[in-house]
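S.K.:
Residue numbers (the numbering used here): 36 to 270.
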């Protein structure tokens, strides 16, 4: 799926819907560690991963952008460090000029006022005033693999990010996941509309019926009940 199509379809969706869809389809996903948040409120990103490991110098980001496709997302592995801001306003401006969709950092940024003024979507742990004081040896996979938390991602992955967090999905799974996410979204919107109209969620999901079944069969779970009535939220 092209990045432009991804972004368009994600416009009505969210990372919780992507997560629920993957759960329903039994497809693996990777969720970024808690604390990765957007600098700018209501920012959203959906695009192919452009991985880059940071070793203390900005040149690795510039090199990654040399091969970027329009709508890619620069995903930076800075080992989750919070003692240095590995990107700032110049990297953001260059990413925007390279037609990237955004930047996601396993680490921190700096130049926050300038970044807010630029308005380019950036997700990180937050800000740190210090720039890198090191220059580590570069590895051969610097532009092929990025670690993010306890998992690794490559250009074969897609990233979705919004105010709830950041999720990575294999590019091979994106189409069914997004289709399922949209199905869940439509069902939940109908359920929400009915609640507003006076029909409670308990009524919609026949909750009293579920309680009766559970009283006679303690092994009967709510998820089983939802499958039986076709009212799945989580599956």
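For glycine and all other residues, C-beta sits at the position ideal for the given N, C-alpha and C.
Remember, predicted model here, so these are calculated numbers, not experimental data.
#1: Pick out whichever of 136, 232, 178, 185 has its Cα sitting closest to the Cα of residue 88.
#2: Give the secondary structure of residue 178 by DSSP, where H, G and I count as helix, E and B as strand, and everything else as coil.
#3: Is residue 90 helix, strand or coil by DSSP?
#4: Using only the alpha-carbon positions, how far apart do residue 65 and residue 148 sit?
#5: Around the Cβ of residue 175, are there at least 16 other Cβ atoms within 10 angstroms (buried) or fewer (exposed)?
#6: Is residue 158 helix, strand or coil by DSSP?
#7: With three or more C-beta pairs closer than 8 Å as the rule, is the stretch 155 to 167 touching the stretch 112 to 130?
#8: As a quick exercise: from 133, 127, 159, pick the residue whose alpha carbon is nearest that of residue 139.
#9: Compare the beta carbon distance of residue 84 and residue 204 with 7 Å and say whether it is the shorter of the two.
#10: Please state if the CB of residue 103 and the CB of residue 135 are separated by a distance shorter than 7 Å.
#11: What distance in whole Å lies between the Cβ atoms of residue 142 and residue 188, which are believed to be in contact at a cut-off of 8 Å?
#12: Taking residue 239 as the reference, which of 70, 44, 264 has the closest Cα?
#13: Among 255, 261, 254, 253, which one has its Cα closest to the Cα of residue 237?
#14: Helix, strand or coil: how does DSSP classify residue 73 here?
#15: Would you identify the three-state DSSP class for residue 193, choosing helix, strand or coil?
#16: Strictly by DSSP, which residues pair up with residue 110?
#17: Rounding to the nearest angstrom, what Cα-Cα distance links residue 152 and residue 232 in this structure?
#18: Can you tell me whether residue 190 is buried or exposed? The criterion is at least 16 other CB atoms within 10 Å of its CB, across all chains shown.
#19: For residue 200, name the three-state secondary structure that DSSP assigns.
#20: Using the C-alpha atoms, what's the distance from residue 168 back to residue 90?
#21: Hey, could you find the ends of the alpha helix (DSSP H) residue 210 is sitting in?
#22: Give me whichever residues DSSP pairs with residue 120 in a beta bridge.
#23: For the beta strand (DSSP E) containing residue 187, name the first residue and the last one.
#24: Are the CB atoms of residue 53 and residue 216 within a distance shorter than 7 Å?
#25: Ordered along the chain, which non-local residues of its own chain (more than five positions away) have a Cβ less than 6 Å from that of residue 100?
M.R.: The short version:
#1: Nearest option by C-alpha distance: 178.
#2: coil
#3: coil
#4: 30 Å
#5: exposed
#6: strand
#7: At 8 Å Cβ cutoff, the stretches touch.
#8: 159
#9: no
#10: yes
#11: With a Cβ gap of about 15 Å, residue 188 and residue 142 do not count as contacting.
#12: 264
#13: 261
#14: strand
#15: strand
#16: 86, 139
#17: 42 Å
#18: buried
#19: strand
#20: 10 Å
#21: 209 to 231
#22: 143
#23: Counting along the chain, the beta strand (DSSP E) containing residue 187 begins and ends at 186 to 188.
#24: yes
#25: 133
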